[in-house]
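> Following my numbering, the numbering of the sequence shown begins with 2 at its first residue and continues without gaps.
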Amino acid sequence: MEMSVENVRKIYSRSIDKISHFLTDTCPLYNPAGTCKCRICKQVFFIDLDKEYTTVAKMIRLADLYQKFEKDLPRKNYWEKFLD
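(1) Nearest to residue 34 by alpha carbon, out of 53, 26 and 40?
(2) How would you write the range of the alpha helix (DSSP H) that residue 43 sits in, first residue to last?
(3) Keeping to the same chain, check which residues put their C-beta closer than 6 Å to that of residue 3; ignore five residues upstream and five downstream.
(4) Since I believe residue 42 is in contact with residue 30 (beta carbons under 8 Å), could you give me their beta-carbon distance rounded to a whole number of angstroms?
(5) May I ask you to report which of helix, strand or coil DSSP gives residue 27?
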């Protein structure tokens, strides 16, 4: 079952039309006046992005700090005296 180039282009064109219609008329992530109440929109609007960005920035700083300590501090086995 082989499709011609024209058929593929038409399917592609219809798909793009459907997606753009949905985004411009329905999806509030793209259009704030949209009316969609799907689970994705609820999740996105529930998240406080500023808080999440600060949390990620803190985690990155801690990871950088741990990497710096691993480079600068000598490796020492602190369990040797307990295990012997």
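Heads up, the beta-carbon is just placed ideally off N, CA and C, and yes, glycines get one too.
Model, not experiment: these values are computed from the prediction.
For this structure:
(1) 26
(2) 40–47
(3) None.
(4) 6 Å
(5) coil
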